[in-house]
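Numbering (our numbering), first residue to last: 2 to 536.
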């Protein structure tokens, strides 16, 4: 009996996938465990293997095509088996790609009700630039109607819930229409712009008609046309100018720790390309500014009115502010929070940090020590490193800690992948880099996703104790207070000591009280005896 295989969900945030390569072709024999295809997700390109034996009877998504999760990917069955019933739209394959003959017929039937796209015209919609993005705001248009656009040109800067990102065109032509003006907010997939030959009449498209094309680039003919884009995070120089770099150059620079603002680009319009990074010789690196920057408030809001006069002003919520409100509300109202607080003796941590920082080119913070201690404690208490789902509890075998960072518009949580495999010095370098780029809105969505546990520290503000809302899908978050000098009892005598309060917020669906308490006991042992973290 034939088996339908749908586009799998290969990551927790995956909504669609691209078939990068088929490793078998129609008619090939397939055994259980054979790799069918390489599928590109929002996080990586992964091999997809078969759980079935038989003959590959149908390929539903061709190489290079994009399809949503659960769309028909392939059918495996007995050689010569009739699968027409599966291809003709049974309930289990309602989202499957229709055969070409049917798709063409459907296209002809609806052509009178929809607007055909003129030859050479490309429809660009609001892209989904992060895994949680539902709408975006056009911060700046870098092109205006009538301008010539070439592949690779930056069309606009778009503010998402996590960062402001440059939106780059895959197409050549003239910008014929702008659908979302600067400062306006629109949902993902709303008409953003139209590019095509100069003078083309696109009034039928921009006025809201349904759009069909005969050959969409990445979707089947029964799907809506989506935009193909290349994304780059906006980098800035010290003077505030933009730095343009290819995605590959940016990745190599990040891996090598190179500041793109110091690199001279040799590509088109000064764009930084791979060879520029590979040939770059860094000059003396400027010192990292670790001072806390004051959150900016609109000047009009800072102005006070005369006594006795009632006055107010509404300030539009940013995409980040909306996202924070939505995610934290969802977490607080769905996860049953409870809180556990302990007080840690930090005397040994203070002396150990002093010794570590006497090493050449080394500077670690108390927060780095907390992050390292959390990573080690999570190894011993895997229930705290979990994710709740309605039908299962996911035990994350990897440990990736998110570190909450305050930015002018709110809060972001950059992530340290595989934190348990990093030493304290490596954690320090990575956290400083992520925090600096977070404040400059240079983080990529990938650098803000995938955490399994979160640390939030307000000790630098003098806050001694507080509670945090869990950063879902994590099961817990640690709130770190200030180190306080106070009288403590040691060996029956009152002496001056240094203590720090930490509070663990837990999701009671996954972490019971005793489990959370045991985690804190382990964390306390590591922090009070830092040598155990260096062994």
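All C-beta atoms in this analysis are idealised placements derived from N, C-alpha and C, irrespective of residue type, glycine included.
Near residue 30, what residues of its chain come up, given a Cβ to Cβ distance below 7 Å and the 5 sequence neighbours on each side ignored? Numbered from 1 along the chain shown, position 29 holds the residue referred to as residue 30. Counting only Cβ-Cβ distances below 7 Å, and skipping sequence neighbours, we find 56.
If you reduce the DSSP assignment to three classes, tell me which class residue 17 lands in. Working through the chain shown from its first residue, we reach residue 17 at position 16. Three-state result, residue 17: strand.
C-beta contact flag for residue 135 and residue 194 at 8 Å: Your numbering for residue 135 matches position 134 in the chain shown. Your numbering for residue 194 matches position 193 in the chain shown. Cβ atoms of residue 135 and residue 194: not closer than 8 Å.
Using the beta-carbon count (16 or more within 10 Å), is residue 83 buried or exposed? Indexing the chain shown from 1 puts residue 83 at position 82. Sixteen is the threshold: since fewer than 16 other Cβ atoms of the shown chains lie within 10 Å of the Cβ of residue 83, the residue is exposed.
Would you mind sorting residue 533 into buried or exposed? The rule is 16 or more other CB atoms within 10 Å of its CB. Residue 533 sits at position 532 when you count from the first residue of the chain shown. Exposed: under 16 other Cβ atoms inside 10 Å.
Sort out for me which residues DSSP pairs residue 30 with in a bridge. Residue numbering aside, residue 30 sits at position 29 when the chain shown is read from its first letter. Residue 30 is bridged to 56.
Buried or exposed for residue 63, please, with buried defined as at least 16 other CB atoms from any protein chain shown within 10 angstroms of its CB. Counting from 1 along the chain shown, the entry for residue 63 is found at position 62. So residue 63 ends up on the exposed side.
Mind checking which residues open and close the alpha helix (DSSP H) that includes residue 335? Indexing the chain shown from 1 puts residue 335 at position 334. Its alpha helix (DSSP H) spans residues 320-335.
Out of 484, 411, 466 and 370, state which residue places its alpha-carbon closest to the alpha-carbon of residue 432. The sequence position of residue 432 within the chain shown is 431, counting from 1. Closest in C-alpha terms to residue 432, from the list 484, 411, 466 and 370, comes 370.
By Cβ distance below 6 Å, which residues in the same chain neighbour residue 154 in space, the five residues on each side in sequence not counted? Within the chain shown, the letter at position 153 stands for residue 154. Around residue 154: 170.
I'd like to know whether the C-beta atoms of residue 522 and residue 345 end up nearer to each other than 8 Å. Here residue 522 refers to the residue found at position 521 when the chain shown is read from its first residue. Here residue 345 refers to the residue found at position 344 when the chain shown is read from its first residue. In this structure, residue 345 does not lie closer than 8 Å to residue 522 by Cβ.
Looking at C-beta atoms only, is the number of pairs between the stretch 496-508 and the stretch 331-347 that lie closer than 8 Å three or more? Touching, per the Cβ criterion.
Would you tell me roughly how many angstroms separate the C-alpha atoms of residue 17 and residue 10, rounded to the nearest one? Mapped onto the chain shown, residue 17 falls at position 16. Mapped onto the chain shown, residue 10 falls at position 9. If you draw a straight line from the Cα of residue 17 to the Cα of residue 10, it is about 8 Å long.
Since residue 508 sits in a beta bridge, which residues does DSSP pair it with? Here the question's residue 508 lines up with position 507 in the chain shown. In DSSP, residue 508 forms a bridge with 338.
Anticipated Cβ contact below 8 Å, residue 80 with residue 52, distance rounded: Position 79 of the chain shown, counted from the first residue, corresponds to residue 80. Position 51 of the chain shown, counted from the first residue, corresponds to residue 52. The Cβ separation is near 19 Å, so there is no contact.
Going straight from the alpha carbon of residue 118 to that of residue 206, what length do you get? Taking the first residue of the chain shown as position 1, residue 118 is located at position 117. Taking the first residue of the chain shown as position 1, residue 206 is located at position 205. Taking the straight line from one Cα to the other gives about 7 Å.
Assuming residue 356 and residue 363 form a contact by the criterion Cβ under 8 Å, report the distance between their Cβ atoms to the nearest whole angstrom. Here residue 356 refers to the residue found at position 355 of the chain shown. Here residue 363 refers to the residue found at position 362 of the chain shown. Rounded to the nearest angstrom, the Cβ distance from residue 356 to residue 363 is 10 Å, too far for a contact under 8 Å.
For residue 121, which three-state DSSP category applies? Here residue 121 refers to the residue found at position 120 when the chain shown is read from its first residue. The answer is coil: DSSP assigns residue 121 none of H, G, I, E or B.
Since residue 162 and residue 321 should fall inside the 8 Å C-beta cutoff, what is the C-beta to C-beta distance between them, to a whole number of angstroms? To locate residue 162, count along the chain shown from 1; it is residue 161. To locate residue 321, count along the chain shown from 1; it is residue 320. The pair is a contact, with the Cβ atoms about 6 Å apart (cut-off 8 Å).
Quick check on residue 411: does DSSP put it in helix, strand or coil? Working through the chain shown from its first residue, we reach residue 411 at position 410. Looking at residue 411 - three-state DSSP - the assignment turns out to be strand.
Bounding residues of the alpha helix (DSSP H) (the contiguous stretch that carries residue 527): Numbered from 1 along the chain shown, position 526 holds the residue referred to as residue 527. It spans 514-529 - the alpha helix (DSSP H) in which residue 527 sits, taken as one unbroken run.
Enumerated in chain order, which unbroken segments of the beta strand (DSSP E) with a length of 3 residues or greater are wholly contained in the stretch 437-480? Taking 3 residues as the shortest admissible run, the stretch 437-480 contains the following complete beta strand (DSSP E) segments, listed from N- to C-terminal end: 454-458.
Could you give the distance in angstroms between the alpha-carbon of residue 47 and the alpha-carbon of residue 21? Within the chain shown, the letter at position 46 stands for residue 47. Within the chain shown, the letter at position 20 stands for residue 21. Here the C-alpha atom of residue 47 lies approximately 9 Å from the C-alpha atom of residue 21.
Check whether the stretch 434-447 touches the stretch 457-471, taking contact to mean three or more Cβ pairs, one atom from each stretch, closer than 8 Å. Cβ pair count under 8 Å is below three, so no.
Look at the alpha carbon of residue 467 and the alpha carbon of residue 479, and state the distance between them as a whole number of angstroms. Against the chain shown, residue 467 aligns to sequence position 466. Against the chain shown, residue 479 aligns to sequence position 478. A straight-line Cα-Cα distance of about 10 Å links residue 467 and residue 479.
Just how far apart, CA to CA, sit residue 336 and residue 508? Numbered from its first residue, the chain shown carries residue 336 at position 335. Numbered from its first residue, the chain shown carries residue 508 at position 507. Answer to the nearest angstrom: the Cα atoms are 6 Å apart.
Counting along the chain, where does the alpha helix (DSSP H) carrying residue 533 start and finish? Counting from one through the chain shown, the residue named residue 533 turns up at place 532. 532-535 is the span of the alpha helix (DSSP H), which, as asked, contains residue 533.
Buried/exposed call for residue 168, threshold 16 Cβ in 10 Å: Looking up residue 168 in the chain shown gives position 167. That one is buried.
Please state the DSSP three-state secondary structure of residue 178. Stepping through the chain shown from its first residue, residue 178 is reached at position 177. Under the three-state reduction of DSSP output, residue 178 falls in the strand class.
Under a Cβ-count criterion, where at least 16 other Cβ atoms within 10 Å of its own Cβ denotes burial, should residue 381 be classed as buried or exposed? Along the chain shown, one-based indexing puts residue 381 at 380. Its Cβ having fewer than 16 others within 10 Å, residue 381 is exposed.
Is residue 420 helix, strand or coil by DSSP? Start at 1 with the first residue of the chain shown, and residue 420 comes out as number 419. It is helical.
Excluding five sequence neighbours on each side, which residues of the same chain lie with their C-beta closer than 8 Å to the C-beta of residue 386? One-based indexing of the chain shown puts residue 386 at position 385. Within the same chain, residue 386 has close Cβ partners 379, 396, 397, 400, 453, 454 and 476.
Excluding sequence positions up to five away, which residues of its chain have a Cβ less than 8 Å from the Cβ of residue 406? Mapped onto the chain shown, residue 406 falls at position 405. So the list reads 412, 413, 414, 415, 435, 436, 439 and 440, once near-sequence residues are dropped.
Going by other Cβ atoms of all chains shown within 10 Å of its Cβ, with 16 needed for buried, is residue 7 buried or exposed? For this step, residue 7 is matched to residue 6 along the chain shown. Classification of residue 7: buried, given that the 10 Å Cβ count is 16 or more.
Taking buried to mean at least 16 other C-beta atoms within 10 Å of its own C-beta, is residue 59 buried or exposed? Mapped onto the chain shown, residue 59 falls at position 58. Its Cβ being crowded by 16 or more others within 10 Å, residue 59 is buried.
Between residue 429 and residue 366, how many whole angstroms is the CB-CB distance? I'm expecting something under 8 Å. Numbered from its first residue, the chain shown carries residue 429 at position 428. Numbered from its first residue, the chain shown carries residue 366 at position 365. About 6 Å separates the beta carbon of residue 429 from that of residue 366, a gap short enough to meet the 8 Å contact definition.
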